[in-house]
Amino acid sequence: MDVIEVLPQLHMLRFPVGQAYLWRDGDALTLIDGGTAGSGPRIAEAVTALGLRPSDVRRIVLTHFHEDHLDGAVEFAALSGAPVLAHRADAPFVRGEAPGPPPVFEDWELPIFAEVATVLPPRPAHPGYPGEVHELDGGEVLDFGDGARVIRAPGHTDGSIALHLPYHGVLFTGDAVAASPVDGRVMLGVFNVDGKQALASFRELAALESDVACFGHGAPVTEHASAALCASANRYPRLEVER
Ligand SMILES: [Zn+2]
Ligand SMILES: [Zn+2]
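Using the working numbering, you'd call the opening residue of the sequence shown number 136 and step up by one each time.
Next up, the structure:
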């Protein structure tokens, strides 16, 4: 795992597949996503390296239920006792009640998915978070980052959310948006359950004022993020989208 300082109060934890983020308000931390199985103890190490304890993590916010965001978060929840928050539509899959709907793959995504599958560690025998999931609807303002707004961003999964910290100009997109591993270009996230809806969500996130954008995969944009997201979103064909 690599720990990368994005801002003095924001660190990115980069795992072999996926990324998590630690936001710091004084001695209180918020974890956004948790990486694949096996990442929980690595997150605890990153917290300790910041001079804090796992119990200083006040909440774990999941952008969606996919295993590269969930499994490490479940481990870290057990280590820290931090509550787990996720959107209502993804909560049953976060709890492991069902595997969750698979993506509708574009043809060009299939070889990428096959490659990712070779890197993913085995999942736990009974994946999912066994405790209470604090269910979000979107529109809430969470008590970190001077007010973190929960933005519904369906399409990658039905319960995908983003977090927008207007005071700091920071946006966490989950997998609604990504940065290309090849050239760092901002792009629509891959492996979506509904590509049209995902593109509509991408456009909505691009319209938010943000300087810094943090993705589930790929390097963050650290300046003029809104412009970078808008420029990327505008390269996709205009689609009529029913929401
Ligand atoms: Zn995902
Ligand atoms: Zn992901």
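Glycine residues also receive a C-beta, built at the ideal position from the N, C-alpha and C atoms.
Beta-ladder partner(s) of residue i, from DSSP
i	result
residue 145	142 and 158
residue 307	298 and 349
residue 165	158 and 194
residue 370	In DSSP, residue 370 forms no bridge with anything.
residue 287	296
residue 386	Nothing about residue 386 can be reported from this structure: the residues present for the chain run from 136 to 378 only.
Under 8 Å between C-beta atoms of residue i and residue j
i	j	result
residue 229	residue 205	yes
residue 251	residue 152	yes
residue 330	residue 192	no
residue 353	residue 314	yes
residue 351	residue 168	yes
residue 182	residue 357	no
residue 177	residue 136	yes
residue 187	residue 164	yes
residue 115	residue 338	The structure shown does not extend to residue 115, since the chain is modelled only from 136 through 378, so no value can be given for it.
Three-way DSSP call (helix, strand, coil) for residue i in this model
i	result
residue 269	strand
residue 358	coil
residue 151	coil
residue 294	coil
residue 203	helix
residue 279	coil
residue 318	coil
residue 378	A caution first: residue 378 carries a pLDDT of 46, below 50, which makes its placement in the model unreliable, though a value can still be read off. In the structure shown, residue 378 sits in coil (DSSP, three-state: anything other than H, G, I, E or B).
residue 334	helix
residue 219	strand
residue 188	coil
residue 255	coil
residue 229	helix
residue 313	strand
residue 182	helix
residue 214	helix
residue 323	strand
Best match in the options for proximity to residue i [C-alpha to C-alpha]
i	options	result
residue 287	259, 372 and 333	333
residue 271	285, 139 and 258	285
residue 209	294, 170 and 237	170
residue 370	327, 339, 323 and 361	323
residue 273	326, 163, 236 and 289	289
residue 212	157, 190 and 309	190
residue 363	341, 349, 157 and 292	341
residue 117	283, 143 and 349	Outside the displayed span of the chain (136 to 378) sits residue 117, for which this structure offers no information.
residue 215	282, 138, 179 and 159	179
residue 207	174, 237, 335 and 158	174
residue 234	336, 264 and 360	264
residue 293	156, 335, 259 and 261	335
residue 317	237, 299, 266 and 247	247
Does the count of Cβ pairs from the region 296 to 304 and the region 341 to 358 closer than 8 Å reach three? A contact exists between the region 296 to 304 and the region 341 to 358.
Between the region 242 to 251 and the region 269 to 285, can you find at least three pairs of beta-carbon atoms closer than 8 Å? These segments do not touch.
Pairs of beta-carbons, one from the region 188 to 197 and one from the region 215 to 230, closer than 8 Å: are there three or more? In short, these stretches touch, since the Cβ pair count reaches three.
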